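Written below as structure tokens is the structure these notes are about.
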Amino acid sequence: MQTAVKGMVQVKSVTYRIVRVHAGRYEVVRLLDDARIGAFSVGAHAQALCDSTAPELIREIARAALQGGRTTWVPRRPASSDSFAKVRV
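Residue numbers (our numbering): 6 to 94.
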């Protein structure tokens, strides 16, 4: 999969670029000096992967990216059709 810039987010007055590197995995790059800050994953086992000593910052950036629609999200299919309550008409 090719990398794709998904957009920018601003956290604590600093702007970050969100780059999709794999399905469900995103890297965070600070625009000021084009430095890679860390990465986060979106999915069943979402996690913040951080190269620096600020995992809280990566979580805030990931939260802003999710809320701002800067990630690609695909709804999961239900495990079975029986998981929904059946309604009689």
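Here a beta-carbon is modelled for each residue, glycine too, at the ideal position from N, C-alpha and C. All of these numbers come straight from a predicted model, not from anything done at the bench.
Straight-line gap, residue i to residue j (C-alpha atoms, nearest Å)
| i | j | result |
| --- | --- | --- |
| valine 10 | arginine 22 | 7 Å |
| threonine 77 | histidine 27 | 11 Å |
| isoleucine 42 | leucine 71 | 17 Å |
| glycine 104 | glycine 48 | Residue 104 cannot be examined here, being either before or after the span of the chain that is shown, 6 to 94. |
| threonine 8 | valine 24 | 7 Å |
| proline 95 | isoleucine 66 | Nothing about residue 95 can be read from this structure; the chain reaches only from 6 to 94. |
DSSP bridge partner residues for residue i (one or two, in chain order)
| i | result |
| --- | --- |
| serine 46 | Arg30 |
Range of the contiguous alpha helix (DSSP H) that encloses residue i
| i | result |
| --- | --- |
| glutamine 72 | 60 to 72 |
Residue interval of the beta strand (DSSP E) (run including residue i)
| i | result |
| --- | --- |
| lysine 11 | 9 to 16 |
Beta-carbon proximity check, residue i vs residue j, cutoff 9 Å
| i | j | result |
| --- | --- | --- |
| alanine 44 | tyrosine 31 | yes |
| valine 14 | glycine 73 | yes |
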